[in-house]
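Colleague: Numbering (the numbering used here), first residue to last: 882 to 1162.
What follows is a structure written as structure tokens; I'll ask about it next.
The following block contains the structure:
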């Protein structure tokens, strides 16, 4: 995979983030990984030595009961965890060949390469649809894209999010005028506008109706052709529908990760079997 230059805010050393070069076929090349990752909220330890690989152009689902550390893991993958007062991270997260926690790398730069969408839609309420998508493009060194370049990027991101045809005549309208499902796809388009290598989705359909949920799932299925997607979900049926691999977490530990069909039909660990068969959780 070709190198991508990371643009950082002024007065911050530029850092080049390289994807690992590999002859592995699509969907098996590791683009993001954790190594003995630990996380705390104050004295409460919520992740325990989590080591996990995420594959490029594939969807990895993370499942487990409430409070097991799924969302915390996701937030550690793009350095959102450290924004919480008293939060601590130990271990490492590696994007391509670059440690995102070492070497003075700016967290904002990390989030340009590892985008994130939250459980509830979070459009910027005072911005138009267009400006919401373009928001991430403003954080750059030197000259940003021109207006015409920005318009092209916005259109491309909205097309990838499956929203362009629905909003192309409303780009100047406030984002809050969209439905809940449209707002969530707008947030996905905003994340895609910076051309990230990885997209993190934290229960992205939890607040949506069934039709909007289906639309998001179909979008995730399409996105995995060009990007790595990590989705945290409490819905095991959803994990089975959209993911290539599934990881099961319990009490902050990574219990098992396997191809999705294998994990649900022939898990190695008895705790995984108990969870996927509904004995707890």
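All residues carry an ideal CB built from backbone N, CA and C; glycine is no exception.
Please work out which residues of its chain come closer than 7 angstroms, Cβ to Cβ, to residue 904, disregarding the five sequence neighbours upstream and downstream, and give them in chain order.
Modeller: Working through the chain shown from its first residue, we reach residue 904 at position 23. A caution first: residue 904 carries a pLDDT of 36, below 50, which makes its placement in the model too unreliable to give a value.
Colleague: Using a Cβ-Cβ cut-off of 7 angstroms, state whether residue 1040 counts as contacting chain B.
Modeller: Of the protein chains in this structure there is only one, and it is not chain B.
Colleague: Beta-carbon separation of residue 1017 and residue 1075 under 7 angstroms?
Modeller: Mapped onto the chain shown, residue 1017 falls at position 136. Mapped onto the chain shown, residue 1075 falls at position 194. Yes, they are a contact pair.
Colleague: Is residue 1015 closer than 7 angstroms to residue 1044 when the C-beta atoms are compared?
Modeller: Here residue 1044 is taken as the residue at index 163 of the chain shown, counted from 1. Here residue 1015 is taken as the residue at index 134 of the chain shown, counted from 1. No, they are not a contact pair.
Colleague: Thinking residue 1010 and residue 958 are a contact (beta carbons under 8 angstroms), I'd like their distance in whole angstroms, please.
Modeller: Numbered from 1 along the chain shown, position 129 holds the residue referred to as residue 1010. Numbered from 1 along the chain shown, position 77 holds the residue referred to as residue 958. Not a contact, Cβ separation roughly 28 angstroms.
Colleague: Locate the alpha helix (DSSP H) running through residue 988, then write down its first and last residues.
Modeller: Within the chain shown, numbered from 1, the residue matching residue 988 stands at position 107. Looking at the DSSP string, the run of the alpha helix (DSSP H) that includes residue 988 is 988-994.
Colleague: Select from 1142, 1161, 1048 and 989 the residue whose C-alpha is nearest the C-alpha of residue 964.
Modeller: By one-based count along the chain shown, residue 964 stands at place 83. Ranking the options by Cα distance to residue 964, first place goes to 989.
Colleague: Can you give me the C-alpha to C-alpha distance between residue 1029 and residue 936, rounded to a whole angstrom?
Modeller: Working through the chain shown from its first residue, we reach residue 1029 at position 148. Working through the chain shown from its first residue, we reach residue 936 at position 55. Taking the straight line from one Cα to the other gives about 34 angstroms.
Colleague: What does DSSP give as the partner residue(s) for residue 1075 in the beta ladder?
Modeller: For the purposes of this step, residue 1075 is taken as residue 194 along the chain shown, with counting starting at 1. Its beta-bridge partners do not exist; DSSP assigns none.
Colleague: To which residues does DSSP link residue 1082 through a beta bridge?
Modeller: Taking the first residue of the chain shown as 1, we reach residue 1082 at position 201. Bridge partners of residue 1082: 998 and 1112.
Colleague: Would you mind stating whether residue 996 and residue 1077 have Cβ atoms separated by less than 7 angstroms?
Modeller: On the chain shown, residue 996 is found 115 positions in, with the first residue counted as 1. On the chain shown, residue 1077 is found 196 positions in, with the first residue counted as 1. Result yes, Cβ atoms of residue 996 and residue 1077 sit closer than 7 angstroms.
Colleague: Could you tell me the alpha carbon to alpha carbon distance between residue 1026 and residue 1110, rounded to whole angstroms?
Modeller: Sequence index remark: in the chain shown, residue 1026 carries index 145 (1-based). Sequence index remark: in the chain shown, residue 1110 carries index 229 (1-based). Near 26 angstroms, if we compare the C-alpha coordinates of residue 1110 and residue 1026.
Colleague: Determine the burial state of residue 1060: buried for a count of at least 16 other Cβ atoms within 10 Å of its Cβ, exposed for fewer.
Modeller: Within the chain shown, the letter at position 179 stands for residue 1060. The residue in question, residue 1060, is exposed, as its Cβ has fewer than 16 Cβ neighbours within 10 Å.
Colleague: Between residue 1002 and residue 1095, is the Cβ-Cβ spacing less than 7 angstroms?
Modeller: To locate residue 1002, count along the chain shown from 1; it is residue 121. To locate residue 1095, count along the chain shown from 1; it is residue 214. In this structure, residue 1095 does not lie closer than 7 angstroms to residue 1002 by Cβ.
Colleague: Roughly how far, in whole angstroms, is the beta-carbon of residue 1088 from the beta-carbon of residue 1000, given that I think they are within contact range, below 8 angstroms?
Modeller: Mapped onto the chain shown, residue 1088 falls at position 207. Mapped onto the chain shown, residue 1000 falls at position 119. The pair is a contact, with the Cβ atoms about 6 angstroms apart (cut-off 8 angstroms).
Colleague: Please state whether DSSP places residue 1019 in a helix, a strand or coil.
Modeller: Here residue 1019 is taken as the residue at index 138 of the chain shown, counted from 1. Helix at residue 1019.
Colleague: Quick one: what's residue 921 bridged to in DSSP?
Modeller: The residue given as residue 921 occupies position 40 in the chain shown. Partner(s): 926 and 969.
Colleague: Cα-Cα, which of 911, 968, 931 and 954 is closest to residue 921?
Modeller: Counting from one through the chain shown, the residue named residue 921 turns up at place 40. Among 911, 968, 931 and 954, the Cα nearest to that of residue 921 belongs to 968.
Colleague: Since residue 1120 contacts residue 1146 with CB under 8 angstroms, what's their CB separation in whole angstroms?
Modeller: As a working mapping, residue 1120 is identified with position 239 in the chain shown. As a working mapping, residue 1146 is identified with position 265 in the chain shown. Not really, about 13 angstroms apart at Cβ, beyond 8 angstroms.
Colleague: Give the C-beta separation of residue 928 and residue 918 to the nearest angstrom, bearing in mind that I take them to be a contact with Cβ-Cβ under 8 angstroms.
Modeller: On the chain shown, residue 928 is found 47 positions in, with the first residue counted as 1. On the chain shown, residue 918 is found 37 positions in, with the first residue counted as 1. The Cβ separation is near 6 angstroms, so the contact holds.
Colleague: Just to confirm the assignment, what range does the alpha helix (DSSP H) spanning residue 1145 have?
Modeller: Here residue 1145 is taken as the residue at index 264 of the chain shown, counted from 1. Residue 1145 -> alpha helix (DSSP H) spans 1141-1146.
Colleague: Measuring straight from C-alpha to C-alpha, what distance separates residue 911 and residue 1033?
Modeller: Taking the first residue of the chain shown as 1, we reach residue 911 at position 30. Taking the first residue of the chain shown as 1, we reach residue 1033 at position 152. Going by the C-alpha atoms only, they are around 30 angstroms apart.
Colleague: Assuming residue 1137 contacts residue 1153 under a Cβ cut-off of 8 angstroms, what Cβ separation, rounded to an integer in Å, is found between them?
Modeller: What you label residue 1137 is simply residue 256 of the chain shown in a count that begins at 1. What you label residue 1153 is simply residue 272 of the chain shown in a count that begins at 1. 5 angstroms between Cβ atoms; contact.
Colleague: Among the candidates 1013, 934, 1007 and 1080, whose CA atom is the shortest distance from the CA of residue 1128?
Modeller: On the chain shown, position 247 is the one that residue 1128 refers to. Answer by Cα proximity: 934.
Colleague: Do residue 985 and residue 1130 have their C-beta atoms closer together than 7 angstroms?
Modeller: In the chain shown, counting from the first residue as 1, residue 985 sits at position 104. In the chain shown, counting from the first residue as 1, residue 1130 sits at position 249. No, the pair does not count as a contact, with Cβ atoms beyond the cut-off.
Colleague: Whole-angstrom Cβ separation of residue 916 and residue 972, contact assumed at under 8 angstroms?
Modeller: As a working mapping, residue 916 is identified with position 35 in the chain shown. As a working mapping, residue 972 is identified with position 91 in the chain shown. Contact holds; Cβ gap of about 6 angstroms.
Colleague: Can you give me the C-alpha to C-alpha distance between residue 1093 and residue 954, rounded to a whole angstrom?
Modeller: Counted from its first residue, the chain shown places residue 1093 at position 212. Counted from its first residue, the chain shown places residue 954 at position 73. Cα to Cα, residue 1093 sits roughly 26 angstroms from residue 954.
Colleague: Give the DSSP-derived three-state secondary structure of residue 902 in the structure shown.
Modeller: Within the chain shown, numbered from 1, the residue matching residue 902 stands at position 21. Note that residue 902 has pLDDT 31, beneath the 50 cutoff, so the model's placement of it is unreliable and no number is given.
Colleague: Of all the options 1083, 923, 1126 and 930, which has the alpha carbon lying nearest to the alpha carbon of residue 1134?
Modeller: The residue you call residue 1134 lines up with position 253 of the chain shown. Comparing Cα positions, the closest option is 930.
Colleague: Taking all protein chains shown into account, do 16 or more other C-beta atoms lie within 10 angstroms of the C-beta of residue 932, making it buried, or fewer, making it exposed?
Modeller: Sequence index remark: in the chain shown, residue 932 carries index 51 (1-based). The residue is exposed, with fewer than 16 neighbouring Cβ atoms inside 10 Å.
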